[in-house]
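Numbering (the working numbering), first residue to last: 56 to 476.
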């Protein structure tokens, strides 16, 4: 006789937490979530914002600890309400938020907010930098008496400072990257393609904990790990906001590693990002089959000099635009004006970008970003040189700003990884 059948929700409650723990899932601590909410509420009070409705996935994960399909309502006063469309029981396991409720449709959101007491807010923030117009209009119809504000500056401002918990995860991502670069040196051989090397590196990275995707806060920009550019492909610019784009795999994906063959002595630039429990580390190292040609070795040394000079000045209070200008001046001084950060007319206007749950967080070491660094900020610094028709070189490390300088979170050796022919 068959036993009583357990329904799915009962199984989730009974087994999923155990399975997640066994798999090494790292849940966001309740104290971490409380601190983030407190910081957001302080910013809301300053801007006279009565409530924020968090919709974007990584913002939702940041403030709730879950990336299930739903929204998080954060009033200026009172507890937050996590409303989940799918999957509620998982959200209850993953999130330390106490009030978690299931909704079948966005239409239920205003009613659930009213059930909390106090009625609907007079104004409410949404992430207008990423929210589609159609969705924005729908929320406007659901909250007809509520003025909708842009909460993106508040949220991104909170997220720019990383906690010890976040930095620990980024350090682990950096450590995975170190092991992946060592593995790449073992498998690299002449005649393989860029994408073949990228596939081998990605497989090894996933074995070590890489989640297989990189996230960026943007429309029509797809982040990926396998930015591997060998020889002339390093001098190709494409649609990405980067000094070099590569040939890519097709007109539909015209960026990154392609079917270009790896050849002896040509520079092989490997820009490989790792994502561990949502948090990313971005780094670039150079490879060569046999000794790299002197022209590129010299350019790589110039990149390292710029990298080290900027990091020597990067500390709380240092102006991001001044740091960018310093790197540009140093490149010109060394004779690389037409190569630094891209070919003439196509040079990028940043040498560093914030990194965390997304690859384009604050701060930016860039022209037009005249604000100071603060302790707890994390960014990737990536001075690179491009030689059209020949190749590209560069170095990139993810760092955290400390009280008196910077700490590198990506410990892979900064040498050129050279393998025998």
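Virtual Cβ for every residue (Gly too), placed ideally from N, Cα, C.
| query | Do residue 258 and residue 283 have their CB atoms nearer than 8 Å? | reply | Taking 8 Å as the Cβ cut-off, residue 258 and residue 283 do not qualify as a contacting pair.
| At a cut of 8 Å, does the stretch 416-435 reach the stretch 370-379 through at least three beta carbon pairs? | In short, these stretches touch, since the Cβ pair count reaches three.
| request: Starting from residue 335, follow its DSSP beta bridges and name the residues at the other end. | output: Bridge partners of residue 335 according to DSSP: 330.
| Are the stretch 149-159 and the stretch 178-185 in contact at 8 Å, needing three or more beta carbon pairs? | Contact between the stretch 149-159 and the stretch 178-185 is absent, because fewer than three Cβ pairs lie under 8 Å.
| task | Buried or exposed for residue 64, please, with buried defined as at least 16 other CB atoms from any protein chain shown within 10 angstroms of its CB. | result | With fewer than 16 other Cβ atoms from the protein chains shown falling within 10 Å of its own Cβ, residue 64 counts as exposed.
| request: Alpha carbon to alpha carbon, how far is residue 271 from residue 277? Give it in angstroms, no decimals. | output: Annotation: residue 277 to residue 271 spans about 7 Å, alpha carbon to alpha carbon.
| For residue 436, which residues does DSSP report across the bridge? | As a beta-bridge residue in DSSP terms, residue 436 pairs with 407 and 452.
| field | Nearest neighbour of residue 196, chosen from 174, 208, 165 and 217 [CA to CA] | value | For the residues 174, 208, 165 and 217, the minimum Cα distance to residue 196 belongs to 165.
| task | With a cut-off of 8 Å on the beta carbons, I'd call residue 227 and residue 331 a contact; round off their distance for me. | result | Contact holds; Cβ gap of about 5 Å.
| query | When the Cα atoms are used, what is the spatial distance from residue 229 to residue 236? | reply | Take the alpha-carbon of residue 229 and the one of residue 236: they are about 11 Å apart.
| query | Are residue 110 and residue 204 touching if we call contact CB-CB under 8 Å? | reply | Going by beta carbons, residue 110 and residue 204 fall outside the 8 Å limit.
| query | Whose CA, out of 176, 215 and 207, lies closest to the CA of residue 201? | reply | Of the candidates 176, 215 and 207, the residue whose Cα lies closest to the Cα of residue 201 is 176.
| request: Run the CB neighbour count on residue 452, radius 10 Å, all protein chains shown included, and call it buried at 16 or more, exposed below. | output: Label assigned to residue 452: buried.
| Where do the N-terminal and C-terminal ends of the alpha helix (DSSP H) with residue 424 fall, by residue? | Segment: none, residue 424 is in no alpha helix (DSSP H) and carries neither H nor E.
| field | Residue range of the alpha helix (DSSP H) that includes residue 349 | value | Here the alpha helix (DSSP H) through residue 349 covers 349-368.
| Nearest candidate by alpha-carbon position, reference residue 199, set 209, 467 and 179 | The residue with the shortest Cα to Cα distance from residue 199 is 179.
| query | In its own chain, which residues sit with a C-beta less than 7 Å from the C-beta of residue 466, not counting the 5 before and 5 after it? | reply | By the criterion of a C-beta distance shorter than 7 Å, residue 466 is surrounded in its chain by 229, 230 and 233, once the five residues flanking it on both sides are discounted.
| message | For residue 178, list the residues DSSP reports as bridge partners. | response | Its beta-bridge partners are 202.
| request: Count the C-beta pairs between the stretch 84-97 and the stretch 380-397 that are closer than 8 Å, then say yes if the count reaches three, no if not. | output: No, the stretch 84-97 is not in contact with the stretch 380-397.
| field | Range of the contiguous beta strand (DSSP E) that encloses residue 127 | value | Counting along the chain, the beta strand (DSSP E) containing residue 127 begins and ends at 124-130.
| field | Residue(s) in a DSSP beta bridge with residue 153 | value | Note: residue 153 sits in no beta bridge, so no partner.
| field | residue 213, enclosing alpha helix (DSSP H) - first and last residue | value | Run containing residue 213: 207-214, per the alpha helix (DSSP H) assignment.
| request: Determine the closest residue to residue 343 out of 78, 102, 240 and 106, with distance taken between C-alpha atoms. | output: Checking every option, the nearest Cα to that of residue 343 belongs to 240.
| message | Helix, strand or coil, according to DSSP, for residue 141 in the structure here? | response | If DSSP states are grouped into helix, strand and coil, residue 141 belongs with the strands.
| message | Quick check on the DSSP output: the beta strand (DSSP E) that includes residue 462 runs from which residue to which? | response | Per DSSP, the continuous beta strand (DSSP E) segment holding residue 462 begins and ends at 461-463.
| Residues that residue 447 bridges to, as DSSP identifies them | Residue pairing by DSSP places residue 447 opposite 441 in a beta bridge.
| Pick from 406, 294 and 132 that is closest to residue 103, judged by C-alpha positions | When the alpha-carbon of residue 103 is set against those of 406, 294 and 132, the nearest one is in 132.
| Contacting residues, own chain, Cβ-Cβ under 6 Å from residue 419 (five flanking each side not counted) | Excluding five sequence positions before and after residue 419, the CB atoms of its chain that fall closer than 6 Å to its own CB belong to 405 and 408, given in chain order.
| query | Could you give the distance in angstroms between the alpha-carbon of residue 246 and the alpha-carbon of residue 454? | reply | Rounded to whole angstroms, residue 246 to residue 454 spans 34 Å at the Cα level.
| query | Who are the Cβ neighbours of residue 432 in its own chain at under 8 Å, not counting the five residues just before and after it? | reply | Only 215, 216, 217, 409, 417, 418, 455 and 456 meet the Cβ criterion.
| field | Backbone CA spacing between residue 325 and residue 253 [nearest angstrom] | value | Rounded to whole angstroms, residue 325 to residue 253 spans 9 Å at the Cα level.
| field | Identity of the residue in 223, 462, 128 and 395 nearest residue 335 by Cα | value | Nearest in C-alpha terms to residue 335, of all of 223, 462, 128 and 395, is 223.
| What does DSSP give as the partner residues of residue 416 in its beta bridges? | In DSSP, residue 416 forms a bridge with 409.
| Pairing CB atoms from the stretch 354-368 with CB atoms from the stretch 288-307, are three or more of them under 8 Å? | Per the Cβ contact rule, the stretch 354-368 is not in contact with the stretch 288-307 (fewer than 3 Cβ pairs under 8 Å).
| task | Can you say whether residue 275 is buried or exposed, counting buried as having 16 or more other CB atoms within 10 angstroms of its CB? | result | Its Cβ having fewer than 16 others within 10 Å, residue 275 is exposed.
| Hey, out of 106, 210 and 219, whose CA is closest to residue 173's CA? | Residue 106 is the option with its Cα nearest to residue 173.
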